[in-house]
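Read through the structure below, which is laid out as structure tokens, and then see the notes.
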């Protein structure tokens, strides 16, 4: 089709015309090939001119438009929509920047500025000549979201998505929901217990009909991309039938002869092979730990609902987006790090928290009443020699909160905090203040002066050269030493590897941009939330979960997704498959395809973002970018001379 | 009431009195601007030098020199030998 | 190596009501204090030792006596831990520590004990007067002798041993080597500080307080001298009589200013008055006032008919001499002066430069 | 002449057009809801748009804010009122709110202004520039700052001499002194409170000499000095234009300090001070920078590494709170503090001191509702009754809170909390349907 | 305009839509001057510049090519700088083969407000190109 291009050159009320001879620019281009119309205007962006443009485009059936005015950052969208109003495809509109990049920086050289303006307009014309109408690619989106992990973040995200009206699959690897939150007792600031929060939220889940919860479920395979992910989920059996009488189940638990360390209590006590962690835990049904079950059959004798014939199931889910809420692991101290596993009364913070929950009237550990507790901070965080350079954020507050809790619950406790500078940021500072006033003693060290823990007879001594007391060596006889362990990424990262989610320096999942796109990942359609992204407290996890829910929802909400049409185009005839483009692509958008004896690269256009990184690496120059083809760029270069 | 475009200040002037302090401020600024620019026309100067010459406190000179620089009357020149104070000059 | 003792701060709280545990060791108090120097920095050091319960560090330190309680540290403390009041409490605690009888500590810690002591002394005086059949002349006579002996006795039996104990704790125990020459050379400081409180002038905005205090000390000491050695109540010399009037008037006027200050709690220093502080200022006030009235009654020739007035004065006097001077706040007059003296010794011997 | 009340309705009213309000609005608008942002300043973007660079990534604040801000201002579902104030909000029935909003005249027709700055050039008046925190002057006809949104002129009527020079200079005739205050009655279904925070005023601590000593400045003034559109073209002392070579930061100015009534930690000062220290070392390679701190609160993602990096660059960290600042004749400043590590009172001389001022509540939020009770916490931040499970909820149903209106927060946390507020609003609105 | 204006080199700049082009815009906004023979083509990302475009520019008569790269701010990922660097290195090789001075291709990372840096870069590049062409 013959090109009919219209050109509008803006005076910008003198901003341009004071330095650029606008009329001269018009004269220089109006007789070029394909130019159908050339005008100057006082304000191109003004309503009058916009309406005039719409008339011109419709009446003269222009199929290419150039406006030479200010920066495209200001008005590219304006004129694109002018084009659309006139029925012209917006990608056939080209913008020339003759204010910010011509008249203003060259206000000292009017001649030079005019010449440059002519070149810029000619380059824009060159581009407009070749500009094809483009349509955004539309793909249908499954109106369902998979939420991986049913801790507080996952549950909140699921509820939010359900409210917004989409189907949610909440997939939990453990037999029970609640994640780490359920393991904590009182939580700062409201002092609600983790169990209460989880129960409250889970009851909400039960009242929704668009949330399906899977426990003991793991995503084992995935394919597809944004809008249409296909997940294969394996669900392990509970070996207990639903709708059974609770009485019998408790009996079944009681008679089970197996004792295994209870991971819910961080192994400070044991549980049976048929168990739940606490009576009101969701789902209400206990589970049989088949790895540790000896099949002695005792439970079957007292309870009819035990069913060893249950089999593993495999489900195939189709979702439009995936929301990760897989949480964290507490750091496990190295062998003999501060006497861990070598000195009998050295435990970790999570263990201590469970100890507080499990003891009633007296705080006991190893059969001894505890009075003096030493807390060693930053164990596994802010490491000098180890890999974990980061601060785990929650531990200072959590420890102080637990220390106050211990004092209030058991009385007559002395707390000694061996810290590296307390980081109770924000309102959490009040807790630090409160504990100080309650008589907790804070001793500080820097990374080069770690406290020493050793046995003196049957006494455990902690000593440190205290920064706050002119490095005087001080010691405490501790009945219990609590290692304040931080957060580390989940040891089992199968799902992360499966989705190829990138990880940051701290090995937690990485967002695209901390501030611009804080819950999105470079894998389109996969959002991250909660502590799988980095250490967070409950409030912060929930905030990120809700943000992530909105992002996930906006992908699936309309049932279809518009993608920018500017993408790479692979000329398969020229391609000899060397893999360089696939390697260069940050989005994994290029795959190898074998067609008979020929291999070549194929682009997944829904994943491509149009950055062009694959272009220069292709040895046979088989890749072009829409709207930035060799032809277009080289013509522009020619025009600029 | 229809007021001619581009001449609306007069309209508001009738409705609203301009406080004396505002006019005073304008006078003050115009005066200081003139003194500083006149001084700099003779030669480039640093702020302490200007302050001495004009018998004005250094914080005030700093403020006005920086302001006049922002308005495009003054440009920054070279820094002195001690790497402490910049010279300021009239912008061509 | 020192073992932390969290019980100490609980013990210390009996000597004053404040929140030393709130301290988060920012050092603002030390830096804001105009008496604190890079050689000898306080009060945070003392707060820290108190929180940690490092008793031996505190009992060998002179720092609590070096503070004149302007209150800047407390009013600017970001955690309202009240370091100024801590210093005050440490002075009380140290007074108890120096006192071999242990009564000082008891009186500071327990209001009941203090009241019992005051009541016992009062009953004793009345009983004595009863035994003398309320004969004014005998009572006056014995009263005068009592004053002299009380001063001498209290000084010899209580205060001198306590000062020696203080010297042992702060000089001998930390193994400070002080030559005899230094002792002699610095003795002047002892008296300068005892009578002038020169150091207070180092505090910001404190000129008035220093002046009031200075007048009070001078007034009190000269009144003591006038009554005891010039026997004011029996004096015929007009100059002595007038001198006594002026002195007692000074004492009760200045103390009235102090008392009203404590009631209004305007200044930081007077925000947390303890019973011992009240006993001290009220004692001083009543001493000055009753002495004034007693002499007035003598001059008006109405004391014979108002023996109770002198008895009241005597009760105050006895309580002052037997309780407040040996065990109460009066001792700060001595300990502070000696602390300045010992501090000078330490400075001259270069202890702080290490 | 009493102007009439203009009635409009939206799904959500966002009070405050800072980064939190903007983000919340954007999330809502992207999901199809009609949003009105009411901003009391001339530009949206809040405090963030005025910053130099942001920690711990050191990307320029403008690079992050401008795309966001232009996305917000261009969004078809978002209406923005600048220089406007929400006077009062009332709940009508169980579902709706009615807000009275006043729009102050800007004396410029926003749609016609091209941001050419000719009026600014023409204006003869000069007053202190609040957007440069009073370090330089600005005109009475002015564009707030180079990346303001909308980037159009405004007339500071309080300081205008009504000489008409701007009008004569304006090529589009967009200046209009006949503009008057406009009153709106806005009907909405939900409200997001994103009123942000206020900075601590260091005049409250006279012993730091702020206001008296010219070389004692606030961190926000330093932020401007380091920004790309900085007032001095480089970092200079305001007292005499000297290039500083020994700069001190006083952390916890107005935070963690009961003596000024603010016991909480402001959460951002440690990090922005460390950031500024790094930037100073970049632009003045010979300069020494010392941070006087109590505890360094480098708790967020990448923060501690950023702190370690500053130590590695040679920034000096001295533990101890500065108690007093005094000025020497040459404008240098003496800082008195206790060096906690040695336990000794110390004094040090610096040629410039930056007070790292803390975060205080913007109590405007508490005046929004007259009949309903928008509860506040004991520090007058907006209270979060279900802080653990629904941090964006407030004491009024249908009213949500985003960003620093609930307490100190850094930018990533503000953005996440804004996302949460938008999320809660969406589910509230869809449940109401 | 006096005719003594120094000779100006023709420089082609590849900028990026989101990061470096705004910086070049801002140079104009701040009225910072640089030679008007500097012309810009904007791309999504600097790591998508093809060596053949650069060679084409030299062939047609440009004196220099300047890539205003995104640096680590690039929204397409942190590998941008490295990849752009690779392109430059590769093109340098190709330029050597064609007997073109490799110094006529320059690259620098610019943030979106690095306008001063941009002007400094193109000015010194311009000077270099003028000097080397003499």
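Residue numbers (this note's numbering), protein chains in the order written: chain A, 1 to 641; chain B, 1001 to 1092; chain C, 2001 to 2354; chain D, 3001 to 3433; chain E, 4001 to 4134. Every residue, glycine too, gets a C-beta built ideally from N, C-alpha and C.
Cα-Cα separation, residue i to residue j
i	j	result
residue 2219 of chain C	residue 2282 of chain C	16 Å
residue 468 of chain A	residue 3029 of chain D	52 Å
residue 79 of chain A	residue 3397 of chain D	42 Å
residue 3129 of chain D	residue 1070 of chain B	11 Å
residue 3178 of chain D	residue 1003 of chain B	8 Å
residue 2033 of chain C	residue 2068 of chain C	10 Å
residue 2056 of chain C	residue 2004 of chain C	12 Å
residue 1051 of chain B	residue 3138 of chain D	22 Å
residue 4114 of chain E	residue 4108 of chain E	11 Å
residue 3352 of chain D	residue 381 of chain A	35 Å
residue 477 of chain A	residue 3066 of chain D	57 Å
residue 3040 of chain D	residue 3121 of chain D	26 Å
Under 7 Å between C-beta atoms of residue i and residue j
i	j	result
residue 2059 of chain C	residue 2014 of chain C	no
residue 3365 of chain D	residue 3102 of chain D	no
residue 4040 of chain E	residue 4008 of chain E	no
residue 3260 of chain D	residue 3220 of chain D	no
residue 574 of chain A	residue 622 of chain A	yes
residue 2247 of chain C	residue 2222 of chain C	yes
residue 611 of chain A	residue 584 of chain A	no
The alpha helix (DSSP H) enclosing residue i, as first and last residue numbers
i	result
residue 2262 of chain C	2238-2264
residue 2291 of chain C	2275-2300
residue 3166 of chain D	3165-3169
residue 396 of chain A	395-410
residue 1081 of chain B	Looking at the DSSP string, residue 1081 of chain B is not in any alpha helix (DSSP H), and its letter there is neither H nor E.
residue 3023 of chain D	3019-3030
residue 26 of chain A	22-30
Burial state of residue i, where buried means 16 or more other Cβ atoms lie within 10 Å
i	result
residue 4026 of chain E	buried
residue 3349 of chain D	exposed
residue 3001 of chain D	The predicted position of residue 3001 of chain D is uncertain, since its pLDDT is 43 and thus under 50; no value can be drawn from it.
residue 136 of chain A	exposed
residue 1016 of chain B	exposed
residue 1082 of chain B	exposed
Residue interval of the beta strand (DSSP E) (run including residue i)
i	result
residue 68 of chain A	64-69
residue 343 of chain A	Note, residue 343 of chain A: premise wrong, no beta strand (DSSP E); not H, not E.
residue 3336 of chain D	3333-3339
residue 472 of chain A	472-478
residue 3097 of chain D	3096-3103
Q. What runs of the alpha helix (DSSP H), each 4 residues or longer, lie entirely inside the stretch 260-315 of chain A?
A. 298-302
Q. Which full runs of the alpha helix (DSSP H) of 4+ residues lie inside the stretch 175-211 of chain A, going along the chain?
A. 194-206
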